[in-house]
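J.: Numbering (UniProt numbering), first residue to last: 1 to 168. In this text, a Cβ means the ideal position worked out from N, Cα and C, and glycines have one as well. Below: one structure in structure tokens.
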């Protein structure tokens with residue numbers, strides 16, 4: 001089972017701190033100085049309604065529909081998450097259509113020769129940060145939690161065993 005981030009809509013206040021942390025975590029060395037609306041591309045999106053706010057982000061599916069839809073193998077299982085290999089992505093949007101959560105977006109970037117290249121991007125669980133997902137670390141209400149897939153799988157096995165033995 002893959003790791004993933006889960007949100008508690010009862011705790012989320014819609015402050016978008018998670019979005020800012022995500023952009024800064026992926027923005028490189030001078031991310032704060034370079035932060036502006038034109039380059040603000042978080043890998044999660046806070047959705048607000050009249051009654052609830054909650055971030056939507058990749059669920060790191062086991063049998064990821066986005067990876068199956070990708071014709072160039074630019075989305076693949078890596079460790080305990082699903083990652084985009086940006087250099088392989090051709091921007092065809094197949095993954096965007098296939099994602100049942102609407103958690104993949106496209107980002108345009110300037111390429112050589114004055115051309116623009118489009119590539120998929122999504123939550124990568126901040127795999128390059130030892131401290132884990134930036135969104136989880138900064139959430140002021142602790143509405144976000146990283147769930148370790150291996151721990152959850154063990155708990156589910158134990159719960160099923162207890163149920164089968166009638167001890168639950």
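1. Would you call the CB atoms of residue 18 and residue 55 closer than 8 Å?
2. Within 8 Å (strictly less), CB to CB, does residue 90 reach chain D?
3. Taking one C-beta from the region 35-47 and one from the region 5-20 each time, how about it: are there three or more such pairs within less than 8 Å?
4. Look at residue 81 and residue 3 and say whether their C-beta atoms are less than 8 Å apart.
5. Ends of the alpha helix (DSSP H) at residue 117?
6. At the level of alpha carbons, what is the spacing between residue 130 and residue 149?
7. Only counting runs of 3 or more residues, tell me where the beta strand (DSSP E) segments fall wholly within the region 31-83, in order along the chain.
8. I need the DSSP call for residue 165, collapsed to helix, strand or coil.
9. Measure from the alpha carbon of residue 52 to the alpha carbon of each residue in 128, 58, 12 and 84, then state which is nearest.
10. Is the region 107-126 close to the region 83-93, with three or more CB pairs under 8 Å?
T.: With the given structure in hand:
1. Here residue 18 corresponds to residue number 18 of the chain shown, with the count starting at 1. Here residue 55 corresponds to residue number 55 of the chain shown, with the count starting at 1. With respect to residue 55, residue 18 sits close: the two C-beta atoms are nearer than 8 Å.
2. You won't find chain D in this structure, because it holds only one protein chain.
3. The answer is yes - the region 5-20 touches the region 35-47, with three or more Cβ pairs under 8 Å.
4. Residue 81 sits at position 81 when you count from the first residue of the chain shown. Residue 3 sits at position 3 when you count from the first residue of the chain shown. At the C-beta level, residue 81 and residue 3 come within 8 Å of one another.
5. One-based indexing of the chain shown puts residue 117 at position 117. Residue 117 -> not in any alpha helix (DSSP H); beta strand (DSSP E) instead, spanning 116-121.
6. Locating residue 130 in the chain shown gives position 130, where the first residue counts as 1. Locating residue 149 in the chain shown gives position 149, where the first residue counts as 1. Between residue 130 and residue 149, the alpha-carbon positions lie close to 17 Å from each other.
7. Here the runs fully enclosed are 45-48, 53-56 and 75-78.
8. Counted from its first residue, the chain shown places residue 165 at position 165. Reduced to three states, the DSSP call for residue 165 is coil.
9. Against the chain shown, residue 52 aligns to sequence position 52. Taking residue 52 as reference, the option from 128, 58, 12 and 84 with the minimal CA-CA separation is 12.
10. Contact holds: three or more Cβ-Cβ distances are below 8 Å.
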